[in-house]
Amino acid sequence: MFAATALDHRNRRTQRAFKALFGLMTLMLITPVIIILTVLVVKGGPALSMEFLFSAPSNGMTAGGIFPALVGTVWLVAVALLASVPVGVASAIYLAEYAPDNWFTRLINLAIINLAGVPSIVHALFGVGAFVLFAGFGESILAASLTLAVMTLPVVIVATRESLQAVPKAFREACWNMGATRWQTIWKVVLPNSISGILTGVILEVSRTSGETAPIMFTGAALFLPFLPQGVLDQTMALSLHLFVLSTQVPNVPEHLEYGVALVLIGMVLAMNALSIGFRVYLRGRKKW
Amino acid sequence: MTNIDRTVDLDRRGRDWYIDKAVSWLVFVGGASAIVLILGIFAFVTKEGLGFILGPMNFVEFFTNPAWRPTSRPPTYGILALMAGTASVTGLAMLISVPFSLGAAIYIGEFATGKVRETLKVLVELLAAIPSVVWGFIGLSIMNPLIIRVFNVPLGLGILNSGIILGLMAAPIMTTIAEDALKAVPDSYREAAEAMGASRWQVILKVVLPAAKHGLMAAVLLGVGRGFGETMAVLMSSGHSINLPTSPFDSVRALTATIAAELGEAPGGSDHFRALFTIGILLFLVTFAINLTADIVVRGKGKR
Chain R
1200 MFAATALDHR
1210 NRRTQRAFKA
1220 LFGLMTLMLI
1230 TPVIIILTVL
1240 VVKGGPALSM
1250 EFLFSAPSNG
1260 MTAGGIFPAL
1270 VGTVWLVAVA
1280 LLASVPVGVA
1290 SAIYLAEYAP
1300 DNWFTRLINL
1310 AIINLAGVPS
1320 IVHALFGVGA
1330 FVLFAGFGES
1340 ILAASLTLAV
1350 MTLPVVIVAT
1360 RESLQAVPKA
1370 FREACWNMGA
1380 TRWQTIWKVV
1390 LPNSISGILT
1400 GVILEVSRTS
1410 GETAPIMFTG
1420 AALFLPFLPQ
1430 GVLDQTMALS
1440 LHLFVLSTQV
1450 PNVPEHLEYG
1460 VALVLIGMVL
1470 AMNALSIGFR
1480 VYLRGRKKW
Chain G
68 MTNIDRTVDL
78 DRRGRDWYID
88 KAVSWLVFVG
98 GASAIVLILG
108 IFAFVTKEGL
118 GFILGPMNFV
128 EFFTNPAWRP
138 TSRPPTYGIL
148 ALMAGTASVT
158 GLAMLISVPF
168 SLGAAIYIGE
178 FATGKVRETL
188 KVLVELLAAI
198 PSVVWGFIGL
208 SIMNPLIIRV
218 FNVPLGLGIL
228 NSGIILGLMA
238 APIMTTIAED
248 ALKAVPDSYR
258 EAAEAMGASR
268 WQVILKVVLP
278 AAKHGLMAAV
288 LLGVGRGFGE
298 TMAVLMSSGH
308 SINLPTSPFD
318 SVRALTATIA
328 AELGEAPGGS
338 DHFRALFTIG
348 ILLFLVTFAI
358 NLTADIVVRG
368 KGKR
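Here the protein sequences line up with chains R and G, keeping their order. Here the first sequence is numbered in the working numbering, starting from 1200 and rising by one per residue. Here the second sequence is numbered in the working numbering, starting from 68 and rising by one per residue.
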C-alpha cells in the first residue's frame, strides 16, 4: 500500500534536481569571493611586514608603508563609536523597553531603515553641509567621525534592540514585583543580561566604520599627510581612502603595495566580523534561558 | 495601618522616581534621534541644493540633456547620461543577483541543514562585510584584465564589470533578507502540506514561496536600493565616462560616482557644488521611496 508509485519517483527526482540547482547557485555566489580573497592574499601577502605596517608612505606614495592611514582609521572609528554607541543604545532602550506600538514608533523604525538605506555619498553630502560647513568643524576627524556615526547608527540600534528583546519578559516582571522602577529594572536586570549582544553590535559597527570611504572623503580624510593627527580637529589619512588613492590617483604604484593595503583593510574588517559572529555563536551556546 | 503606609510610600516621589522619569525622557530623545537625523540629512542636503534648484536649474534640461559639463563655459547640467549609467549598472546587477540570491536563500533556508546551513549563513554574512572600496579595487585590478582577456575588448571597465561587482555586493543582503522571509513562514504550513503527501519541493513552490511573497519582494527592493546607492565600487569599476550606453562593454558614469568624483573640485557655494547636492536630493528621494515601498509591502502582508 505504501510502495513508491511512479508519481513519487517523479516528485523525488524534481526535488533532487531543484536542490542541486539551488545548491549550485549558492556555490556560485560564494566561489568568486573565495577566489578573490585568495588572489588578494597571494598578491598582497608578500607586501606585509612590520615595516609596511609601521612606516609612512614615501616616494610619492609609491613605496613605504601605511602607518599614518592605519592610525587615522583607528582615530576615525574611535571617535565615531564615542558618538554613536550612547545614542544608539539609548534609542534601542527606548524602542525595546518604552515605545508603545503607535505611529510614532513606526516613524522611528522607518527612519532607522532609511538611515541605513540612504547612499553613503548622500551621508557625505550631509556631513559636508552639517559638520564641515554649518557646525564649523572644517575638514577634520570630528566631522568625518560624526558623519560615520550617523551612517552606522542603525547597526548599533538594531543589534542592541534585538539583544534587549531577547531578555525574557519574566525577568522584568520579577523585578517590577519587587518594587523596582522601570530604569532600575533595565539597569540591574535587562542590560547585564544583554551586554554581550550589545557588544556584538558594537564590533559589527567597528567593522562597518573602518571600511567606509565615501562619507570621509570630503569631511576629514586627506589623500596624503606627512604627520599623524594630534587631535579631533586635525585631518587624517585613512586606510580605505588610501586604497582608493593608490589605485586611482597615483601613477606607477607597485602592484604588491595596492594589494597589501587591500589585504590589510579586508583582513581588519573580516576579522572584526568573524569576532562578532563567533561571539554570537558562543553566547547562543551558553544562554541561561 | 501598614497597608496605607505602604501606599503612601510608593507614591512618594523620591530620588529613584526622578531618576526614572529623567531616564525615560533621555531614552525618548535617543529614540527620536533617528527621525531628527533623517530629517536633518534631508534639510542639509536640500539647503545646499536649493540654491541651484531655484537658480540656474532648468528642469527639462536637467532630466533630458545627456551632457553633464559643469566646468564648460557655459556649463550644461544634464543628468540623463548619469541616470542611464546608474540604471544600466543597477539593472545588470539585479539581473545577476536576484535569481542567485533567491536560489541561495531557498537552499539555505529550506534544503540545507545543521552545520552546512550555519557555515553558509556565516559565509554570506562575511560577504556582506567586504567594504565597497575593496570591491572597487577588485573591479579595477582583477575584473578589468579578466574582461579584456575573455571578451577581447580594449577596456574592461564598464557596465559589465560594475554590474557583476554590484551584483556580488547586493547578493548577500538580498539572500539574508529573503532567507528571513522564508523562515518567517510558520512550520505548521509546511507540516500541513507534507501531511497531504506533498514533496519538499512542492511544499516550497506551492506553500512557502507564496506565503513569503511579500518578504521576498522587499528583499529584492532593498537589493535595488543598495545597488542604486553604491558609490565607491561603481566609481572605480564603471570607467566613469559620460555615455548613453549601447553595449554592456560601454563605460558609464553613475549619479553617486559623479558626486564622489567632483565634490572635492567644486568650490563651496558654486553652481557646480549646488548641482551636486541637487543630485544628492534626487538620490535621497529615490532611496527613501524604495525603502518606504519595501516597508509598505512587508506591512501589507501583516494586515491580511
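Built from N, CA and C at the ideal position, the CB exists for glycine as well.
Using DSSP's beta-bridge definition, name the partner residues of residue i.
i, result
"G/Arg136", "G/Thr143"
"R/Val1355", "BP columns for R/Val1355 are empty, so no partner."
"R/Pro1256", "R/Gly1263"
"R/Ala1420", "R/Thr1435"
"G/Val319", "G/Gly306"
Less than 7 Å between C-beta atoms, sequence neighbours within five positions excluded: which residues of the same chain meet that for residue i?
i, result
"G/Ala89", "none"
"G/Leu283", "Leu169, Ala245, Ala248"
"G/Ala395", "Shown here, chain G extends from 68 to 371; a query on residue 395 of chain G therefore has no answer."
"R/Leu1445", "Met1260, Val1452, Leu1456, Glu1457, Val1460"
For residue i, collect the residues of the same chain with a Cβ closer than 6 Å to its Cβ; drop the 5 residues on either side in sequence, then sort them by chain order.
i, result
"R/Ile1320", "Ala1413"
"R/Gly1477", "none"
"R/Leu1474", "Ile1402"
"R/Gly1410", "Ser1439, Val1468"
"G/Arg293", "Ala237, Ile240"
"G/Gly306", "Leu224, Gly225, Ser318"
"R/Ser1344", "Leu1275, Val1278, Ala1279"
"R/Asn1472", "Ser1406"
"R/Phe1336", "Phe1330, Ala1342"
"R/Pro1256", "Gly1263"
Leaving out five residues on either side along the sequence, give the residues of the same chain with a beta carbon under 8 Å from the beta carbon of residue i.
i, result
"G/Leu147", "Phe130, Thr131, Asn132, Pro133, Leu311"
"G/Leu149", "Trp135, Ile309, Arg320, Ala321, Leu322, Thr325, Ile346"
"G/Ala327", "Thr298, Met299, Leu302"
Looking at the structure shown, is residue i part of a helix, part of a strand, or coil, going by DSSP?
i, result
"G/Pro312", "coil"
"R/Pro1267", "helix"
"G/Asn70", "Here G/Asn70 scores only 49 on pLDDT, less than 50, and its place in the model should not be relied on; the value that follows carries that caveat. Residue state, collapsed to three classes: helix."
"G/Gly181", "helix"
"G/Lys370", "With a pLDDT of 48 at G/Lys370, under the threshold of 50, the predicted position of this residue should be treated as unreliable, though the coordinate-derived value follows. Helix."
"G/Thr360", "helix"
"R/Val1452", "coil"
"G/Val165", "helix"
"R/Gly1328", "helix"
"R/Gly1459", "helix"
"G/Val201", "helix"
"G/Arg267", "helix"
"R/Leu1474", "helix"
"R/Gln1429", "coil"
"R/Phe1333", "helix"
"R/Val1284", "helix"
"R/Met1377", "coil"
"G/Leu194", "helix"
"G/Val75", "Only weak support is given to the placement of G/Val75: the predicted model assigns it a pLDDT of 48, under 50, and the question is left unresolved by the model."
"R/Leu1482", "helix"
"G/Gly347", "helix"
"G/Ser155", "helix"
"R/Ser1248", "coil"
"G/Val220", "coil"
"R/Ala1202", "coil"
In the DSSP assignment, the alpha helix (DSSP H) including residue i goes from what residue to what residue?
i, result
"R/Phe1221", "1205-1243"
"R/Leu1438", "1438-1447"
"G/Gly280", "Sequence check: residue 280 of chain G is Lys here, not Gly. Taken as a continuous stretch (DSSP letters only), the alpha helix (DSSP H) holding G/Lys280 covers 280-296."
"G/Phe105", "The sequence shown places Ile at residue 105 of chain G, not Phe. Taken as a continuous stretch (DSSP letters only), the alpha helix (DSSP H) holding G/Ile105 covers 82-120."
"R/Gly1316", "1302-1316"
"G/Glu329", "322-329"
"G/Ser229", "226-250"
"R/Asn1392", "1390-1410"
"R/Tyr1293", "From DSSP, R/Tyr1293 is part of no alpha helix (DSSP H); its letter is neither H nor E."
"G/Val127", "126-131"
"G/Ser255", "254-262"
Give the C-beta separation of residue i and residue j to the nearest angstrom, bearing in mind that I take them to be a contact with Cβ-Cβ under 8 Å.
i, j, result
"G/Gly97", "R/Ala1289", "3 Å"
"R/Glu1338", "R/Val1331", "6 Å"
"R/Ala1246", "R/Leu1456", "6 Å"
"G/Asp87", "R/Arg1371", "About 14 Å; that fails the 8 Å criterion."
"R/Leu1363", "R/Ser1393", "5 Å"
"R/Thr1435", "R/Gly1271", "4 Å"
"G/Pro212", "R/Leu1464", "Between R/Leu1464 and G/Pro212 the Cβ distance is about 21 Å, and since that is not below 8 Å, they are no contact."
"G/Phe316", "G/Val112", "Incorrect: roughly 34 Å between the Cβ atoms, too far for contact."
"G/Val353", "G/Phe295", "7 Å"
"G/Ala265", "G/Lys273", "7 Å"
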